[in-house]
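Asker: First residue of the sequence shown? That's 136 in this note's numbering, and the numbers climb one at a time after it. All C-beta atoms, glycine included, are put in the ideal place defined by N, C-alpha and C. Just dropping this structure here.
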Amino acid sequence: MTIRPPILVIYGGCTSERAIDIIWDHHLRNCELLSRPISGIWFNQDKDLFAFKLAFSGDVEFDHHLAIVFAGQQEAADAFISDYAMESRVKRTDLLGVLFWDRKDQRTFEEGIGLSRTSV
Numbered sequence: 136m137t138i139r140p141p142i143l144v145i146y147g148g149c150t151s152e153r154a155i156d157i158i159w160d161h162h163l164r165n166c167e168l169l170s171r172p173i174s175g176i177w178f179n180q181d182k183d184l185f186a187f188k189l190a191f192s193g194d195v196e197f198d199h200h201l202a203i204v205f206a207g208q209q210e211a212a213d214a215f216i217s218d219y220a221m222e223s224r225v226k227r228t229d230l231l232g233v234l235f236w237d238r239k240d241q242r243t244f245e246e247g248i249g250l251s252r253t254s255v
């Protein structure tokens, strides 16, 4: 099934090298890795998350206590965390963004990185 416009899916725990290997090995033609880095910032304290959301609402995506920061906002996010002395209260992780134009390619990619879908 073709997806227009493509959907962006963000993964943790998968390197770009591993993603390239999966795409190559399975001959996936309807997906593309984002070339710019994405950072995940996990906030341990609600007050820090709330302050960050107020400062970056609309510029950064959020999933519960995780802020998903794209390259264009990385410098500002780092400065904010530093200015408010949050370094010891946040955890950072690298994320991988993949654009998919086809659900079959998405399922195959996710199987390749060890994600399994369950039927409900």
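#1: Apart from the five residues just before and just after R224, which ones in its own chain have a Cβ nearer than 8 angstroms to its Cβ?
#2: Kindly identify the DSSP beta-bridge partner or partners of L201.
#3: Rounded to the nearest angstrom, what separates W159 and I216 at their Cα positions?
#4: Flag this pair as yes or no: are the beta carbons of L230 and I145 separated by less than 8 angstroms?
#5: Would you kindly work out how many angstroms separate the C-alpha atoms of R227 and H162, rounded to a whole number?
#6: Can you give me the C-alpha to C-alpha distance between S170 and G147, rounded to a whole angstrom?
#7: Pull up the distance between the alpha-carbon of N165 and that of A220, whole angstroms please.
#8: Could you tell me the distance, in whole angstroms, from the CA atom of A190 to the CA atom of T150?
#9: Can you give me the Cβ contacts of E222 inside the same chain, cut-off strictly under 7 angstroms, excluding the 5 residues immediately before and after it?
Answerer: Looking at the atomic coordinates:
#1: F178, N179, Q180, D183
#2: W177, D198
#3: 38 angstroms
#4: yes
#5: 32 angstroms
#6: 16 angstroms
#7: 43 angstroms
#8: 29 angstroms
#9: I216
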